[in-house]
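So the protein lines, in turn, are chains A and B.
Going letter by letter, the first sequence gives residues 3 to 321 in our numbering.
Going letter by letter, the second sequence gives residues 1353 to 1656 in our numbering.
Glycine included, every Cβ here is placed at the ideal spot set by N, Cα and C.
Below is one structure, written out as structure tokens, with a few remarks after it.
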Amino acid sequence: MSGPRDAARRLAALPFWYVTRRFATLQDHLDHQLTLLGERFEAAVDPERVAGSLHRELSDIHLAQEHVERLARRPPWTELVGAPVSKLDEMSAAFLNYGAGPHGFAAQAGLWLAPEVSLAHSTETVDVLSVDPRVATVAYVHRALAGLAPGAAVLDVGATGSTLALALASSGFAVTALDPRPYRLEHPGITPVASRVEEWDGPAGAFDAIVAHLVMEHVGLGAYGRPEGPPGADIAAMQSLRRLARPEAVLVLAAAYGARGDTWDHRVYDSASLAGLLEGWSVGDQRFVRRVAPTAWTPCTGDEAATETSVVMVTATPA
Amino acid sequence: MSDGSGLGRRILAIPFWYLNRRFATLQDHLDGRMAVLDDRLERMEGGFATDPAFAERAAPALRGLPLARVGPETAATINWAVGHEGFSAQAGLWFNPAVNVQLRPASAELVAVNERIVEVPFAMGVAAELPQGSHVVDIGSAESTVALSLASLGLHTTALDPRGYPLGHTLLDVVEEGLFDWRGPSEPLDGVFCVSTIEHLGLRAYSQPGGRDGGDREAMELFLRWLRPGGLLALTTPYGRAETTDFERTYDDARLAALLEGFEVLDQRVYRRAGALQWEPAPASSADWPDGQDGVVLVKARRR
């Protein structure tokens, strides 16, 4: 027979095991759910390629979640149109930086043209982010070609992403725009050629001027989504350019120079490697600019350029 | 009837019922939170197609949004924001691009090429003749990177514009004044660069007071005074049938010749618009210039 005392004992004993069991069940359930979520995160991240970056990825995802939540509450984008810059908020700024940048929408359409001055939108303001060496090198190309006769045949190597070929064609030159990527700026004076420079079997001795503007440092490397080529592809490319040039042709070269060291997608020339690159060419003018601030490039000597982030600019003729 | 045993059972029953309900509530709550998390992940993993309105407004926060997802409001907003009245312009950082690309829903389009495509190369050709260390002035320098290019090539450059100049360089002096208000350079100039500016001087363009119909010729007199003998002028301006509006002048051969009095013209080239996206060399004569035909003349001249 069970009396009140037995009931009290059972009451005291049962909730503990019951609670324990229910908590265990709940914990199993949560563990299972979290495992599923974890697998989804891991599947999204290649552990070999981005080893150690899982935490960062998760932080990014968390940040993006916050953005999504804030965006879902924010007014439509079009309410920005006509607004004073003081109304520019962090999220819109980040979006503009992406959308108008080198990986943004015009870029995806093949119509992003590298600006000389890059801007950064941020809360309530817009600032200069950086100044590209093009601010000096494009000017150098134009100055080097200023004496060229109207209608001259000009080869622009690595033309895509720049208005240089269009500017030369508009100025009255017959321009061949050579690039593995399509050249999207059309002009009757432009003949686009979709090829890597080292593989192009172009007409020998056909060009009055050859422009290799900030391109040789990328030739044959895995830059711009191209497969990697053989070592020394830049030297081979320059030799092929030599074949394409008329005997009295002008070569205008601008290339990364200095102390930074090579990376996976571009070389940085020094005096020895530049000499190798220019073998077969007779250098008429050589000058350097170096980065003195994120927003400024200034002329310098070769010695100064050798220890800084620099660009070399060369005008040469076939030797 | 309630005895001791019945009371015990009732007491015993309460915790089961109560705990069951609380656990069930807690589990429902956690399941609900998990579902929300799961939904967010789903959206982030690219499930935007199921909800285009959400994608249009929310997806831009995520890096790598594809062009295909750009809708009309996103395109319109970016076009405005980076255009001549947008945020960068309000910050004084809009640089009139030679090639104008506009975003459209799921695409981008080349809409115009302006005369900068030939003016800037020509100006740089003139700069080529000036050795490093030369002193030059860029007249009306705002909305252009010409002054910064000149400084980057080693020329001591004064950027003169009533709107100021937003870019800095050790070889660049910025004078935030109108041309007619400036006291002039401290030493004779080796070069004056006047790219798409002379046609506005003295008129009510760019918030200027106007009222100087001969402002263009007055400016040329100043250039003659500031340049050393043999100093170079790079001048670019609209060309065609002579015309003056509140905003700008267009020069024909006669007007141009009068403008250049006191200078020796070393090189003069005329270009015309041959389509929205195209400029080309044109015969250097305004005698039978068609009405409405956009043109530009590029002049390299030397102070006699």
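Pick from the options that is closest to residue i, judged by C-alpha positions
{"i": "P1540/B", "options": "L1500/B, V1488/B, D1513/B and F1447/B", "result": "V1488/B"}
{"i": "F1615/B", "options": "R1655/B, E1467/B, E1573/B and D1490/B", "result": "R1655/B"}
{"i": "L223/A", "options": "A239/A, A102/A and D267/A", "result": "D267/A"}
{"i": "V140/A", "options": "V1388/B, S1501/B and P1483/B", "result": "S1501/B"}
{"i": "H145/A", "options": "V1651/B, D1490/B, N1452/B and E1481/B", "result": "In the sequence as displayed, the identity of residue 145/A is Arg instead of His. Nearest of V1651/B, D1490/B, N1452/B and E1481/B to R145/A, Cα basis: E1481/B."}
{"i": "T1522/B", "options": "E1528/B, M1572/B, T1509/B and T1602/B", "result": "T1509/B"}
{"i": "G1567/B", "options": "W1578/B, P1561/B, G1554/B and F1474/B", "result": "G1554/B"}
{"i": "D1646/B", "options": "F1447/B, L1505/B, S1493/B and N1466/B", "result": "N1466/B"}
{"i": "T303/A", "options": "S132/A, I212/A and G260/A", "result": "G260/A"}
{"i": "L1584/B", "options": "A1475/B, W1432/B, A1494/B and L1531/B", "result": "A1475/B"}
{"i": "A308/A", "options": "L276/A, S173/A and D272/A", "result": "D272/A"}
{"i": "V217/A", "options": "S173/A, L157/A and S172/A", "result": "L157/A"}
Exposure label - residue i; buried when at least 16 CB within 10 Å
{"i": "G149/A", "result": "exposed"}
{"i": "R51/A", "result": "Reliability of the predicted coordinates at R51/A is poor, the pLDDT of 47 falling under 50, and the value obtained from them is presented with this limitation in mind. Exposed: under 16 other Cβ atoms inside 10 Å."}
{"i": "S164/A", "result": "buried"}
{"i": "H34/A", "result": "exposed"}
{"i": "H123/A", "result": "buried"}
{"i": "P1449/B", "result": "buried"}
{"i": "G101/A", "result": "buried"}
{"i": "G106/A", "result": "buried"}
{"i": "H1552/B", "result": "buried"}
{"i": "K89/A", "result": "exposed"}
{"i": "L1611/B", "result": "buried"}
{"i": "E1661/B", "result": "Nothing in the structure corresponds to residue 1661/B, since chain B is present only between 1353 and 1656."}
{"i": "V1463/B", "result": "exposed"}
{"i": "F1599/B", "result": "exposed"}
{"i": "D236/A", "result": "buried"}
C-beta neighbour in chain A for residue i, strict 8 Å
{"i": "V1488/B", "result": "no"}
{"i": "H1521/B", "result": "yes"}
{"i": "E1495/B", "result": "no"}
{"i": "Q1620/B", "result": "no"}
{"i": "V1453/B", "result": "yes"}
{"i": "S1504/B", "result": "yes"}
{"i": "Q1645/B", "result": "no"}
{"i": "G1530/B", "result": "no"}
{"i": "L1584/B", "result": "no"}
{"i": "S1459/B", "result": "yes"}
Through-space distance from residue j to residue i, alpha-carbon basis
{"i": "G1516/B", "j": "G1444/B", "result": "8 Å"}
{"i": "G1575/B", "j": "L168/A", "result": "Correcting the residue identity first, residue 1575/B is Phe in this sequence and not Gly. Those two C-alpha atoms are separated by around 32 Å."}
{"i": "F175/A", "j": "L1629/B", "result": "16 Å"}
{"i": "P1642/B", "j": "A1594/B", "result": "12 Å"}
{"i": "Q110/A", "j": "A1460/B", "result": "9 Å"}
{"i": "L279/A", "j": "D305/A", "result": "19 Å"}
{"i": "G1423/B", "j": "L1455/B", "result": "10 Å"}
{"i": "P104/A", "j": "A116/A", "result": "8 Å"}
{"i": "F1439/B", "j": "T1429/B", "result": "11 Å"}
{"i": "T1426/B", "j": "A108/A", "result": "13 Å"}
{"i": "V324/A", "j": "R1580/B", "result": "Residue coverage of chain A in this structure runs from 3 to 321, which leaves residue 324/A outside it and unanswerable."}
{"i": "R198/A", "j": "A214/A", "result": "13 Å"}
{"i": "R1577/B", "j": "S120/A", "result": "37 Å"}
{"i": "T27/A", "j": "L39/A", "result": "19 Å"}
{"i": "A1639/B", "j": "D1605/B", "result": "8 Å"}
{"i": "A196/A", "j": "R1564/B", "result": "53 Å"}
{"i": "V291/A", "j": "T265/A", "result": "20 Å"}
{"i": "D181/A", "j": "E1613/B", "result": "46 Å"}
{"i": "M1572/B", "j": "S1538/B", "result": "18 Å"}
{"i": "L1650/B", "j": "L170/A", "result": "15 Å"}
{"i": "D30/A", "j": "L36/A", "result": "10 Å"}
Bridge-paired residues (DSSP) for residue i
{"i": "E81/A", "result": "None; E81/A has no bridge partner."}
{"i": "H1631/B", "result": "It is worth fixing the name first, because residue 1631/B is Trp in this sequence and not His. R1625/B."}
{"i": "K89/A", "result": "Paired residues: none, contrary to the question."}
{"i": "V291/A", "result": "P301/A and V313/A"}
{"i": "A1511/B", "result": "D1490/B and V1526/B"}
{"i": "A158/A", "result": "Correcting the residue identity first, residue 158/A is Asp in this sequence and not Ala. Answer is A179/A and V213/A, bridged to D158/A."}
{"i": "T1589/B", "result": "V1649/B"}
{"i": "A1557/B", "result": "DSSP lists no partner for A1557/B."}
{"i": "G1543/B", "result": "V1488/B and L1584/B"}
Proximity test, Cβ basis, 8 Å: residue i and chain B
{"i": "F290/A", "result": "no"}
{"i": "P152/A", "result": "yes"}
{"i": "P78/A", "result": "yes"}
{"i": "T165/A", "result": "yes"}
{"i": "F209/A", "result": "no"}
{"i": "R145/A", "result": "yes"}
{"i": "H1/A", "result": "In the structure displayed, chain A extends from 3 to 321; residue 1/A sits before or after that span and is not available."}
{"i": "S55/A", "result": "Note on S55/A: pLDDT 49, under 50, position unreliable in the model; no value is reported."}
Contact test: residue i Cβ vs the ligand ADP heavy atom, cutoff 7 Å
{"i": "L1574/B", "result": "For the ligand ADP, the structure offers nothing, since it holds no ligand at all."}
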